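Okay, so the sequence shown: first residue is 1 according to our numbering, each after it adds one.
Here the structure is laid out as structure tokens; the discussion comes afterwards.
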Amino acid sequence: GYTCGSIVDLGKFAAFYAANPHELPAAHEAVSAGHPNNSYADGWRIMAEPDGTLTYWHTGTVPGYFSGIYVNADTGDGAAVLFNSSGFLHEQELAGLTRAAYEQARGIEPSPVPPSVVADALPIMLLVVGCAVALLAVLGTPRRVAVWAAALLLLLIGVGGAVIAAGYPLRYFWLWEPGLVIGVGT
């Protein structure tokens, strides 16, 4: 996850392992990663590809950056990707794009990367809430303002609950999307 170098450095790191697959952890030393074709060893995810080869990969994200390294231990193919983008709302898309770059490097048709529904829906929901608050402030009586404020608070709790139900911890909001937290707080 921690990005302390350039894409050139990341590429050199991947190229080293592509040229020296014996330096990668042995697949038999890996532990299950919760999927029949995936395991984990020494910081690397190991994926059994449909063609029978093994891909070693690792992705990481820090505020402002997302990176991924893929190395096929059997063919020497690989890819190193560094994005100047991050955030839990886009994490699946970014991981999909790194995988697509690797597939392209292997001469395989890249898998389509579906857009993030949460990333698209959340700003729209916040815009609707913001417009409702502005309209309420202009047109509302004190009693209506209180009722609408309570309704909007419940809506925000519902939106936050939906994001949490999707598997995103609350701490991610401040760490990865500080603008969202500041916007909701104002």
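Cβ coordinates follow ideal geometry from the N, Cα and C atoms, glycine included.
From a predicted model like this one, the values you see are computed outputs, not experimental measurements.
Gly76 and Pro63 have their alpha carbons spaced roughly 31 Å apart. Linking Ala146 to Ile164 through their CA atoms gives a straight-line distance of about 27 Å. Less than 9 Å separates the beta-carbon of Gly78 from that of Ala18.
DSSP, read as helix, strand or coil, puts Gly11 in helix. When secondary structure is reduced to three states using DSSP, Val138 falls in the helix class. Minimum Cα-Cα distance from Ala149 among the listed residues Ala162, Gly161, Val133 corresponds to Val133. Note on geometry: alpha-carbon atoms of Ser111 and Ile7 lie some 23 Å from one another. Beta-bridge partners of Tyr56 (DSSP): Ile46, Val71. Taking all protein chains in view, the Cβ of Val138 is surrounded by fewer than 16 other Cβ atoms within 10 Å, so the residue is classified as exposed. Annotation for Ala14: Ile69, Tyr70, Val71, Gly78, Ala79, Ala80 place their beta carbon closer than 8 Å to its own, counting only its chain and skipping 5 residues before and after. Taking the C-beta atoms as reference points, Tyr102 is found no nearer than 9 Å to Leu82. Per DSSP, Ala79 is one residue of the beta strand (DSSP E) stretching across 78 to 83. DSSP places Gly34 inside the beta strand (DSSP E), whose first and last residues are 31 to 35. In this structure, the straight-line span from the alpha carbon of Trp44 to that of Glu109 is close to 24 Å.
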